[in-house]
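Be aware that the sequence shown starts at 1, since it is given in this note's numbering, and climbs by one per residue.
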Amino acid sequence: MTQAASGLVIVDKPGGATSHDVVARVRRLAGTRKVGHAGTLDPMATGVLVLGVNRATRLLGHLMLTEKRYDATVRLGVTTTTDDADGETVSTTSAAGVDEQAVRTALAGFVGEIEQVPSAVSAIKVDGKRAYQRVRDGEQVELKARKVTVHEIVVNRVAHDGEVVDVDISVRCSSGTYIRAIARDLGAALGVGGHLTALRRTAVGSFDLGIARTLDQLADSFELVPIAQAARASFPAYELDEPGAQHVRYGRPLEIEIAGTTAVFAPDGEFLALYEPRATGARPVAVFV
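See the structure below:
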């Protein structure tokens with residue numbers, strides 16, 4: 001297979017696959033080892049996973065993918081070892097008496113800038129080792145609370161089913177927010193325990209399910225978002241004249257005024273670099289040519 005150009009691949013990840021599994025498959029489809037991802041998804045979760053191919057792998061760390069959107073289902077009345085359906089049941093408590101208003105009131109308390117303790121089986125590193133690996137090795141892991149921002153939680157459905165209650169929610173939040181932790185903390189706030197039974201990421205930054213492709217679709221027709229298009233979708237753009245473009249190719253500062261990290265382009269539309277403002281002019285953050 002001819003090696004793919006540089007760009008982003010927006011994958012609709014299937015359930016049961018790890019983010020590493022998806023990267024491995026895309027490496028084969030793209031014909032290159034240079035594939036990385038911008039933020040993992042748990043094996044249980046489905047939805048948007050952003051991958052970079054070739055030169056675009058360097059773009060991943062700079063992308064303004066700070067806002068993410070999810071659809072999720074929380075089951076109240078059952079806690080698990082992993083705070084999701086992949087874990088073993090730890091306790092059960094009847095949630096039959098929990099009404100919809102109580103659910104809505106409790107969830108409202110998680111909107112805004114909050115202190116959130118990640119799940120012990122998260123991918124956060126503790127002394128150089130992933131927290132989930134420490135748990136698998138039989139260690140007790142206690143992670144520190146972290147500040148995250150939950151912009152919005154929409155309650156779509158509250159359904160009683162015997163002793164449990166299933167709550168469908170849509171969440172818009174900052175990067176680093178754990179939806180499993182929201183499920184766990186909602187159950188704790190209501191006194192019945194809770195865990196996540198379904199999770200689908202619907203958007204990462206400006207990239208959503210509308211442009212995501214399944215692995216089978218990519219196998220039939222490999223599509224990527226060209227690196228220039230990805231940069232324009234994620235950063236303010238600045239169009240340079242040819243002398244300015246030549247300065248960028250040499251990694252020189254530019255005498256331009258920009259408000260934040262900005263993608264700069266050659267007159268022919270080629271994406272050249274990311275620049276950031278300084279006291280006077282702008283300096284390169286990463287050059288891609």
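The beta carbon of each residue, even a glycine, is placed where N, CA and C say it ideally should be.
One thing to note: Gly-176 has its Cβ within 8 Å of the Cβ of Val-148. C-alpha of Gly-15 to C-alpha of Leu-199: approximately 9 Å in a straight line. Within the region 67-105, the runs of beta strand (DSSP E) that reach at least 3 residues and sit entirely inside it are, in chain order, 67-76, 78-80 and 89-92. Distance from the CA atom of Gly-87 to the CA atom of Thr-80, rounded to whole angstroms, is 5 Å.
The region 17-28 and the region 62-70 do not touch, with fewer than 3 CB-CB distances between them shorter than 8 Å. Across the structure, Arg-28 and Ala-231 are spaced so that their CA atoms are roughly 25 Å apart.
Short of 8 Å from the beta carbon of Lys-144, and not among the five residues preceding or following it, lie these beta carbons of its own chain, in chain order: Val-117.
Between Ala-266 and the set Glu-276, Gly-260 and Val-287, the nearest pair of CA atoms involves Val-287. Residue pairing by DSSP places Gln-116 opposite Arg-146 in a beta bridge. A contact between stretches requires three or more CB pairs, one per stretch, nearer than 8 Å, and the region 96-104 fails this requirement with the region 45-55. By the Cβ rule, the region 242-256 counts as touching the region 274-282, because three or more pairs are nearer than 8 Å.
If you draw a straight line from the Cα of Glu-152 to the Cα of Gln-229, it is about 28 Å long. When secondary structure is reduced to three states using DSSP, Asp-166 falls in the strand class. Boundaries cannot be given for Ile-211, as no alpha helix (DSSP H) includes it and DSSP labels it neither H nor E.
Note on the region 183-246: whole beta strand (DSSP E) runs with a minimum of 3 residues are 194-204 and 237-239, in chain order. Here Gly-77 really is in contact with Thr-93; their C-beta atoms are around 6 Å apart, less than 8 Å. Just so you know, the alpha carbons of Leu-274 and Val-285 end up roughly 5 Å apart. Taking each of Arg-184, His-247 and Met-44 in turn and checking the Cα distance to Arg-75, the smallest one comes out for Arg-184. In summary, Gly-52 is buried, with 16 or more beta-carbon neighbours lying within 10 Å of its beta-carbon over all protein chains present.
Ranked by Cα distance from Gly-191, the options Val-164, Arg-157 and Gly-269 are led by Val-164.
Leu-8 is not a Cβ neighbour of Leu-272, given a cutoff of 8 Å.
Using a 10 angstroms sphere on the CB of Arg-180, the tally of other CB atoms reaches 16 or more, which defines it as buried. Asp-268: not part of any beta strand (DSSP E); DSSP gives it neither H nor E. With respect to the 8 Å criterion, Ile-10 and Arg-213 are classified as neighbours on the basis of their beta carbons.
Annotation for Pro-43: Gly-15, Gly-16, Ala-17, Thr-18 and Asp-86 place their beta carbon closer than 8 Å to its own, counting only its chain and skipping 5 residues before and after. Contact check for Gly-205 and Leu-60: beta-carbon distance about 11 Å, past the 8 Å limit, so the pair fails to qualify.
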